[in-house]
Each structure stands twice: as C-alpha cells, then as structure tokens.
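Structure first, then comments.
What follows is the structure, given as structure tokens:
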C-alpha cells in the first residue's frame, strides 16, 4: 500500500512540475533544458554531453559519419600474405573490407585475428576466412544502424550510394563516438608515452597535439609558435582545412603525411625529410 501511495505521489509531483514548467517542444529546447539541468547540478557535464550526442544522432545518417571510399583501408584478396599482414599492422584496424579485382567489388570482411590463422595453417585460403559484408545505404539513420550493430556481431558496414557503388564504410565505434566523443583504441598511444617517435625506416611518428615548440626543438626547424599551440592546428591552418588520411604538406623542409585522423583532428603524422634530389 505504501508503495502505491509513493508512486501516486511521484506522479502528482511530475504533473505539478510539468504544469508549472512545460516540457521542451523542440530539440533545441531539449538541449537548453539539459544545459539548465547541468547548471543546477542535476546531471554532470559528461552526462549532458552524452545526452546531447544521443539527441544529435537522431538526425544523422551513415553518410554523415562514414569514412569515404578513397580513405578506406581495404585488402586485396589476391595479395600475398606478407602484404596483407603489413597492411593490418600499419593501419591497426581489427576488421577490413576485402575486394577482388576492383576496390568497388567488396566480397567480404576479414578480421585481423583470423589472418593469424594462416600463419599456423598456410594451406588455408583467405577466402575461407571471410565473413559476410553488411551493406547499408548512405541514408541509413544512425539510430537504426546502432540498433543493428548491437543486435548482430557485425561491427562494420559498407556504405553504398544510390547507384549501388561503394561510398565508404562505417563502424560501431564511429557511431558511438558521435555520442560519447573520441574512443581510444589499440592504435592510440597514451600521451605520457611521448608524442614524437623515431621509426626504423628513418621517418618519425608525430601526434597532432604535439606542441609546435617541441617539433621545432626535435627537428631543429623554426615553425611559427605565436598563433598556434599544436602542430595539428598549424598544418590545418596552412592547408585551409583539417587534412584527411593520406594527404600531406611540406613545411620547413619536412613532409607531414596524415597517418590517422579522427573526429575532425589529425591524431598522427608520419614525418619525413625529402631527399636532396627530390623535386
């Protein structure tokens, strides 16, 4: 009986609150209400940001978030094992679309962990390790896609355009990042491990948030330190936009190649010094 009275009491209070302060009629009002809730210590800042992300993805589609086709890391079914392994190691992904003939002809998904099985049993064919591809249209709502990702074990989908051509790919991580912000993965190195690494091939790996002052000291160059704090910010300014994976720019005698970009920022550059005979 007590529980019933308590429930009734809550209902009455809720009605009273709604009467005194009607609920939001639009998404903008809802986001404003969340900001008020944070100001009044009803929810914390992280919760507010996540709830805003949930509201935001209601209007978003696979096409808004996908990695566009030219920037997809894909594997050629006919490539030798060593080449496949190198691509897997260099990119650090756990799943790869596999194509045959042309990049547009995606025939399956290869898990990086499945590729290791070939080392123990070379007689296996890569084809036997492929998992089925999930194709989704660019117009697919992120809400629906997230529900499907959660409902099956496929965490990667190939996005196709209205003509049936491959437009890009999207992962469950891409969708979740729209809600919770950037998710660190195995490819990401913790900041306290350093942000400039000398590689065996004579090049360097530099994180996008490395202070320009540190880049200048390390490479003995004189990039401007007044306007920009990080090398990622400076490169984006020089190019007039945030560069994408595979794009490069030469500054102060160094070539900065974008190796990994996410959430509107460059995570890692590969830096090389051009040889004297290069144009």
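Numbering (my numbering), first residue to last: 11 to 289.
Virtual Cβ for every residue (Gly too), placed ideally from N, Cα, C.
Using only the alpha-carbon positions, how far apart do residue i and residue j sit?
i           : j           : result
residue 283 : residue 211 : 12 angstroms
residue 146 : residue 224 : 44 angstroms
residue 231 : residue 256 : 23 angstroms
residue 219 : residue 248 : 16 angstroms
residue 72  : residue 106 : 18 angstroms
residue 76  : residue 180 : 5 angstroms
residue 251 : residue 280 : 18 angstroms
residue 113 : residue 84  : 8 angstroms
residue 92  : residue 263 : 33 angstroms
residue 66  : residue 243 : 26 angstroms
residue 189 : residue 155 : 14 angstroms
Of all Cβ atoms in chain B, is any one closer than 8 angstroms to the Cβ of residue i?
i          : result
residue 94 : Of the chains in the structure shown, none is chain B; there is only one protein chain.
Give the secondary structure of residue i by DSSP, where H, G and I count as helix, E and B as strand, and everything else as coil.
i           : result
residue 85  : strand
residue 276 : strand
residue 53  : coil
residue 79  : helix
residue 271 : strand
residue 257 : coil
residue 215 : strand
Let me confirm a value: residue i is counted as buried when at least 16 other C-beta atoms fall within 10 Å, else exposed. Which label applies?
i           : result
residue 176 : buried
residue 54  : exposed
residue 109 : buried
residue 272 : buried
residue 129 : exposed
Could you tell me which residues DSSP puts in a beta bridge with residue i?
i           : result
residue 221 : 240
residue 170 : 147, 176
residue 266 : 259, 281
residue 182 : According to DSSP, which records beta bridges pairwise, residue 182 is partnered with nothing at all.
For residue i, is the beta carbon positioned less than 7 angstroms from some heavy atom of the ligand GTP?
i           : result
residue 183 : The ligand GTP is not part of the structure shown, which contains no ligands of any sort.
What are the uninterrupted segments assigned as beta strand (DSSP E) that are 3 or more residues long and contained completely in the stretch 95-150, given in chain order?
Runs of the beta strand (DSSP E) lying entirely within the stretch 95-150 and spanning at least 3 residues, in chain order: 105-109, 116-121, 145-147.
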